[in-house]
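Q: Its first residue numbered 618, the sequence shown is counted upward by one per residue in the working numbering. For glycine and all other residues, C-beta sits at the position ideal for the given N, C-alpha and C. Here the structure is a predicted model, which means the values were calculated and not measured.
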Amino acid sequence: MSIDPAPRPITVRIPEACRITGIGRSKLYELIKAGDIPTIKVGSMTLVPVIGLERFLERCGQEEIR
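(1) Between which residues of its own chain and Ile682 is the CB-CB distance below 6 angstroms, once the five residues before and five after are set aside?
(2) Let's test the definition: count the other Cβ atoms within 10 Å of the Cβ of Val659 and tell me whether it reaches 16, buried, or not, exposed.
(3) Taking only the alpha-carbon atoms, compute the straight-line gap between Cys677 and Leu664 and give it to the nearest angstrom.
(4) For the alpha helix (DSSP H) containing Thr638, list its first residue and its last residue.
(5) Does the ligand ADP have even one heavy atom less than 6 angstroms from the beta-carbon of Val665?
What follows is the structure in structure tokens.
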């Protein structure tokens with residue numbers, strides 16, 4: 618059994634969320650405001666749960682298929 622030296626993050630900040638999804642900053646904020654992508658506020662810091670990004674992208678992919 619090996620130990621993963623770099624565990625996968627469970628949250629990312631806005632710039633990283635944009636980078637890993639390819640969604641622009643303004644569009645990401647629109648999606649957050651619309652409730653499509655969840656966020657967590659810690660003080661003044663906004664964190665985006667990675668699972669929330671994944672679920673959003675899955676929903677988008679399913680809508681295109683239908």
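A: Looking at the coordinates:
(1) Confidence at Ile682 is low in this model, with a pLDDT of 49, below 50, so its placement is unreliable and the value that follows should be read with caution. No residues qualify anywhere along the chain.
(2) exposed
(3) 21 angstroms
(4) Ile631 to Thr638
(5) The model on display carries no ligand, and the ligand ADP is accordingly not part of it.
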